[in-house]
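Asker:
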Amino acid sequence: MNIQQIFKSLSNNRLLLPVKIAITALVIYLVNKSLGKSQLSPLFHHIVLRTLVVSLILGCVGFYLQTRRWQLLLGNQGTRISFQTGIRTMLWGCLLAFATPGRLGEFFRGISIKPENKANAVYAVIIEKIYAGGTALIAGACGAIFSWVAFGALSPAQGSIIIVGGAVMAAILGIFFSKRILRNAFARFFRSRALQNLTAFPFANFAIKAAAPIALLSIATHLVLLFQTAVLLDMFGSPGACANISIAAQAYAFMLFFPIFIANMGIREYSFGLFLGQLSVVYGLRAQVSAIAIGASMGILCINMILPAMAGLLWWIVDKKKLPVAGYRPPERK
135 MNIQQIFKSL SNNRLLLPVK IAITALVIYL VNKSLGKSQL SPLFHHIVLR TLVVSLILGC
195 VGFYLQTRRW QLLLGNQGTR ISFQTGIRTM LWGCLLAFAT PGRLGEFFRG ISIKPENKAN
255 AVYAVIIEKI YAGGTALIAG ACGAIFSWVA FGALSPAQGS IIIVGGAVMA AILGIFFSKR
315 ILRNAFARFF RSRALQNLTA FPFANFAIKA AAPIALLSIA THLVLLFQTA VLLDMFGSPG
375 ACANISIAAQ AYAFMLFFPI FIANMGIREY SFGLFLGQLS VVYGLRAQVS AIAIGASMGI
435 LCINMILPAM AGLLWWIVDK KKLPVAGYRP PERK
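Numbering (my numbering), first residue to last: 135 to 468.
In structure tokens form, the structure reads like this:
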């Protein structure tokens, strides 16, 4: 079954209602499971409304940047969508991502795009994940180096992040600046042959051509996420703005090593706690590390995942028409 057949099956009216009911039940279950009273009750007295509003605003800014990147990814493949349509498809993508391990549901974000462009939507998600993942790994490597210099210790997890992040950066430099960095025959061979082979993939030409704007949007999106996480860490008791940004950068890079968790639940708390642990000696947070990690993780989960997923769920349930994608005309009713 190819991509278009999968999308057609998901769009079939006879299957749509059961799918909606199943996803609704799954989302409600996951929300209740991840936001238990036993975990949230002790954290309520740490919540500061002003800080929470700032975090919510940053979440909206991040979502806006992601939507613009999604528009750019589709537009450069010939599928132009309005900003409203971009928001709607992004919300549906958040819903499907929330309900699937490793956010695999995002590959069906373009379920409402006209049939001949559905494959392009999947390629666009792949490209988006490559850029976002590369940005997160490079940022994590920078955060690990900062923590190493500031606190004088390097854990195996941080060493792994530095190695993988450094490899990603080296690959980027090797692809785009090999003639300037390496003046030998291997560099010339790599640039002339490897890129020619790479362009055999249907999305490679586009990914390379639009590299600069996509990379800038990916960097901006990730920076907003890091600041948002740092704000939440500070609200729940982790001091030091630079240290909190470093913790967030390392945690998000570390999560990429375990892409099997639904909405990153479980691994997010563990990752925050793992890198917060380095501050336990410096700032005396031994007894608070777990609480801070859970609080910040729940904040990110609610603002960046549960709220968009519930909005996408509501929009999906009440929506009776296909999305107004450019070039699409709904069939006439008899």
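Each residue gets a CB set at the ideal place from its N, CA and C atoms; glycine is no exception.
Write down the C-beta distance between LEU238 and ALA443 rounded to the nearest angstrom, noting that I regard them as a contact closer than 8 Å.
Answerer: Numbered from 1 along the sequence shown, position 104 holds the residue referred to as residue 238. Numbered from 1 along the sequence shown, position 309 holds the residue referred to as residue 443. In fact, because the Cβ distance is near 14 Å, the residues do not count as touching under 8 Å.
Asker: Ends of the alpha helix (DSSP H) at THR234?
Answerer: For the purposes of this step, residue 234 is taken as the residue at position 100 of the sequence shown. Bounds of any alpha helix (DSSP H) do not take in THR234, whose DSSP letter is neither H nor E.
Asker: Work out the CA separation of GLN211 and PRO465 for me, nearest whole Å.
Answerer: Counting from 1 along the sequence shown, the entry for residue 465 is found at position 331. Counting from 1 along the sequence shown, the entry for residue 211 is found at position 77. Per-residue confidence for PRO465 stands at a pLDDT of 43, beneath the threshold of 50, marking its modelled position as unreliable; no derived number is given.
Asker: Mind checking whether GLY371 and GLN422 have CB atoms under 8 Å apart?
Answerer: On the sequence shown, residue 371 is found 237 positions in, with the first residue counted as 1. On the sequence shown, residue 422 is found 288 positions in, with the first residue counted as 1. Cβ distance < 8 Å, so GLY371 and GLN422 count as in contact.
Asker: Spell out a yes or no on whether the segment 201-211 and the segment 358-373 are touching, meaning 3 or more CB-CB pairs, one atom from each, closer than 8 Å.
Answerer: Because the criterion of three Cβ pairs below 8 Å is not met, the segment 201-211 and the segment 358-373 do not touch.
Asker: Under 8 Å by Cβ, that's how I've got GLY274 and ILE295 pegged, so tell me the actual separation to the nearest angstrom.
Answerer: Counting from one through the sequence shown, the residue named residue 274 turns up at place 140. Counting from one through the sequence shown, the residue named residue 295 turns up at place 161. The pair is a contact, with the Cβ atoms about 5 Å apart (cut-off 8 Å).
Asker: Return the Cβ separation of PHE406 and ILE381 in integer angstroms, given the expectation that the two are a contact with Cβ distance under 8 Å.
Answerer: Translated into positions along the sequence shown, residue 406 becomes position 272. Translated into positions along the sequence shown, residue 381 becomes position 247. Correct: roughly 7 Å between the Cβ atoms.
Asker: Are the beta-carbon atoms of GLY227 and LEU359 separated by less than 8 Å?
Answerer: By 1-based counting over the sequence shown, the position of residue 227 is 93. By 1-based counting over the sequence shown, the position of residue 359 is 225. No, they are not a contact pair.
Asker: In whole angstroms, what separates the C-alpha of ALA377 from that of LEU288?
Answerer: In the sequence shown, the residue the question calls residue 377 occupies position 243. In the sequence shown, the residue the question calls residue 288 occupies position 154. Going by the C-alpha atoms only, they are around 15 Å apart.
Asker: Could you give the residue range of the alpha helix (DSSP H) that holds PRO442?
Answerer: Indexing the sequence shown from 1 puts residue 442 at position 308. Looking at the DSSP string, the run of the alpha helix (DSSP H) that includes PRO442 is 441-452.
Asker: Go to SER189, then tell me how far its alpha helix (DSSP H) extends in each direction, as first and last residue.
Answerer: Numbered from 1 along the sequence shown, position 55 holds the residue referred to as residue 189. Here the alpha helix (DSSP H) through SER189 covers 183-209.
Asker: Hey, how far is the Cα of CYS436 from the Cα of GLY429?
Answerer: On the sequence shown, position 302 is the one that residue 436 refers to. On the sequence shown, position 295 is the one that residue 429 refers to. C-alpha separation (whole angstroms): 11 Å.
Asker: Just the Cα atoms here: how many angstroms apart are ASN438 and LEU186?
Answerer: Within the sequence shown, the letter at position 304 stands for residue 438. Within the sequence shown, the letter at position 52 stands for residue 186. Looking at the two C-alpha atoms, the distance is approximately 13 Å.
Asker: May I ask which residues mark the beginning and end of the alpha helix (DSSP H) holding SER424?
Answerer: Here residue 424 corresponds to residue number 290 of the sequence shown, with the count starting at 1. It spans 423-434 - the alpha helix (DSSP H) in which SER424 sits, taken as one unbroken run.
Asker: Can you say whether GLN200 is buried or exposed, counting buried as having 16 or more other CB atoms within 10 angstroms of its CB?
Answerer: Working through the sequence shown from its first residue, we reach residue 200 at position 66. So GLN200 counts as buried.
Asker: Report all residues from its chain with a CB closer than 6 Å to the CB of VAL452; omit the five preceding and five following residues, and keep chain order.
Answerer: Here the question's residue 452 lines up with position 318 in the sequence shown. For VAL452, where only same-chain residues beyond five positions count, there are no Cβ hits under 6 Å.
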